[in-house]
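*Asks:* Residue numbers (my numbering): 6 to 442.
Note that beta-carbon positions come from the ideal geometry of N, C-alpha and C, so glycine has one too.
Bear in mind that the values here come from a model prediction, so they are computed numbers and not experimental data.
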RNA sequence: GGAGAGAUGGCUGAGUGGUCGAUAGCGGCGCUUUGCUAAAGCGUUGUAGGUGUAAAAGCCUACCGGGGGUUCGAAUCCCCCUCUCUCCGCCA
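Take a look at the structure:
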C-alpha cells in the first residue's frame, strides 16, 4: 500500500543546495522579497551538520570496503581472516549507529531545504500584499458593457442551466450540474480553448486525473497543500487540482534531448479543489467551485529562453480573452503575492460587469529550475554533455467557469438572452444562449 | 480478485555471498585506415552526493525496480511493496 518512502523525502530538494552554501545572502534576500518567515540560519546549520556526518559515514564505509578486498584474498576460516571479521564487526556496529544518525539529520535537512522558496526574478516588483501587484496591462473598455449586466447568479433562469441545488444534493456545495445550453457552452469553451492551444503549437494530452503522492510532491502540492486535494481512501491517489500536476510529471526522472526543447503541451482536465477555508462572498455562483474545467498550457524550455517563453505563454492566454472579446487586465505579481515556487508570475483577470469585479482566469508562471529539480527533469547539454535542469512554465488557457461568468454578465441582452462572442458561435451552434431551456 | 514468471547501465543480456559499478553484444562518441560512403581496427562511454578547483582533473561514497532485514561483507539470501508479462475470474 502507501509507503511513505515513495513520497516527498525521497525526491530531490527544490532549491540548489550549492546556491545556499555559496550565496546564502541571495536566499535571504528571496525570503525577504517574498515576505516569508523562515529561519535560514537553522537550515544552514543543519546543512553543515549533515555534511560532516555524511563525511564520517563515508569514511567508515571506505574502511569496510578496503577490508572487504583484503578478506577476499584471505583464506576463509584462517586465523587472519577470523581476526579481520572480529575487527570489522566493531566497524559494522559503528557504521549502523552513524548511519541512523545521518538519516535523522538528513530528514531534518531536507525539510529545511523544502522550506526554502524559489528566488524571485529581478523584474518582480517589491510588495507584500495583493494590492501591491502591478497592473501590467489592461485590455478592452469597461464602459461599453451591457447596462443590463447583473451578477450571473441573479440572471433569471440561471438555475436552469447551472443547477447548484441538485449538485449540492448529489455531491455537495461547489459541484454544480451544467444542464442543456449550460453544458453545451462549457463544451464549446473547452473545444475552443483546445483548438486555439493546438494552433499555438501545444500538443494536446489527455492525462490521468488522479496522481500518486510522488507526482503531487514533485509539483509542490505535497506536503504543504495536502488539505487542498481530494484523496482516495483505498489507493492514496489524489484528484488533480490542475492538469499541471500530471502534465509536469510526464517527464519526471527523465533526460530529454536538448534539440527537443522547447516542448509545448496542453491538457484539458476537470480540476478538483477542496478550497478549505475559503468561504464567503467570493464563492457565489461560478466564482469558486470544488470541481471545474480548465485547459492548462505547459512548457519545458531551455533556461536561456524561459523569460521570453513566459511572455509568449502569457500572450497565448491573453489571445483567448481577446478573441472572446472580454475586457481583462494583466497583473504582475509582487514578491509577497508571488507564490513559493514561482520566479515570476502574471495573473490574467477578466472583468465581470455584473459583479463589478475582476476574476482571475489564468496564472502564467515561470518556475525556472525549481520544479525541474524536484521532479528531476533535465536535458543533455550539447556542449558539456552533462544533464542540466530544464525550466518549466505553465499557465491556464483558460479556466472555464469564471470565463463563463464573465460572458454571461458582460453580454446579457435586454431580452434576457446572452449574445455569445462570435468565435464561440461555430462551437456553440447558435448566436444566443437562452436561460429558459 | 486468484495463480505463476519477471524487473540489472541508452538497449539486449550475463552474473546466485567477497577486488562487481558490474562480463559480453548493440547503440553513441573519438581516433586510425580510406577518393566519398560503407566496412574494419583501436579507444571511450551512466547518475547522484561529498570533497577539491578560478574552472577542471583527481579523490571518496552511494546507486543492479522501491523499502526493510540477515551478514565482517548483498545485484546475489530473507521479508514487505510497486510495476510488467502469462493464465483464470470479473467488468465498462
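Considering only DSSP beta bridges, list what residue 271 is partnered with.
*Replies:* In DSSP, residue 271 forms a bridge with 209, 302.
*Asks:* DSSP three-state label for residue 143, please.
*Replies:* If DSSP states are grouped into helix, strand and coil, residue 143 belongs with the strands.
*Asks:* Bridge partners for residue 58 per DSSP, in chain order?
*Replies:* Residue 58 is not bridged to any residue.
*Asks:* Among the candidates 360, 339, 430, 366, whose CA atom is the shortest distance from the CA of residue 133?
*Replies:* That would be 339, whose Cα lies nearest to the Cα of residue 133.
*Asks:* Here's the rule I'm using: 16 or more other beta-carbon atoms within 10 Å means buried, otherwise exposed. How should residue 425 be labelled?
*Replies:* Buried, because 16 or more other Cβ atoms sit within 10 Å of the Cβ of residue 425.
*Asks:* Please list, in chain order, all residues of the same chain as residue 146 whose beta carbon is under 8 Å from its beta carbon, the five residues on each side excluded.
*Replies:* Correct list, in chain order: 332.
*Asks:* Return the bridge partner residues of residue 371 from the DSSP annotation.
*Replies:* 349, 398, per the DSSP bridge assignment.
*Asks:* Mind pulling the beta strand (DSSP E) runs of 3 or more residues that sit fully within the segment 56 to 110?
*Replies:* With a minimum length of 3 residues, no continuous beta strand (DSSP E) run stays inside the segment 56 to 110.
*Asks:* Where DSSP assigns a beta bridge to residue 384, which residues make up the other side?
*Replies:* Paired residues: 261, 393.
*Asks:* Looking only at its chain, what residues have a beta carbon closer than 7 Å to the beta carbon of residue 198, apart from the 5 residues adjacent to it on each side?
*Replies:* Only 300, 325, 402, 403 meet the Cβ criterion.
*Asks:* Give the list of continuous beta strand (DSSP E) stretches no shorter than 3 residues that lie fully inside the segment 207 to 241.
*Replies:* DSSP runs (the beta strand (DSSP E)) wholly in the segment 207 to 241: 208 to 210.
*Asks:* Measure the beta-carbon distance from residue 336 to residue 138 and round it to whole angstroms, keeping in mind my assumption that it falls under 8 Å.
*Replies:* Confirmed, about 4 Å.
*Asks:* Do residue 384 and residue 369 have their beta-carbon atoms positioned less than 8 Å apart in this structure?
*Replies:* Cβ distance not < 8 Å, so residue 369 and residue 384 don't count as in contact.
*Asks:* Among 65, 123, 79, whose alpha-carbon lies nearest the alpha-carbon of residue 95?
*Replies:* With distances taken between Cα atoms, residue 95 lies closest to 65.
*Asks:* Let me make sure I understand the geometry here. Which of 276, 161, 205 has the alpha-carbon closest to that of residue 234?
*Replies:* For residue 234, the nearest C-alpha among the options comes from 276.
*Asks:* Please report how far the alpha carbon of residue 159 lies from the alpha carbon of residue 416, in whole angstroms.
*Replies:* For residue 159 and residue 416, the distance between alpha carbons rounds to 14 Å.
*Asks:* With a 10 Å radius around its C-beta and 16 neighbouring C-beta atoms as the bar for buried, classify residue 469 as buried or exposed.
*Replies:* What the structure shows of the chain is the stretch from 6 to 442, and residue 469 is not part of that stretch, so it cannot be assessed.
*Asks:* So, helix, strand or coil for residue 168, using DSSP?
*Replies:* In this structure, residue 168 counts as strand in the three-state DSSP scheme.
*Asks:* Whose CA, out of 323, 438, 246, 201, lies closest to the CA of residue 144?
*Replies:* That would be 323, whose Cα lies nearest to the Cα of residue 144.
*Asks:* For residue 362, which beta-bridge partners are listed by DSSP?
*Replies:* Note: residue 362 sits in a beta bridge opposite 357.
*Asks:* If distances are taken between C-alpha atoms only, which option among 89, 22, 100, 161 comes closest to residue 414?
*Replies:* Ranking the options by Cα distance to residue 414, first place goes to 161.
*Asks:* Is the distance from the Cβ of residue 271 to the Cβ of residue 186 below 8 Å?
*Replies:* No, the Cβ-Cβ distance between residue 271 and residue 186 is not below 8 Å.
*Asks:* Starting from residue 33, trace the alpha helix (DSSP H) in both directions and tell me its first and last residue.
*Replies:* Start and end: 29 to 38.
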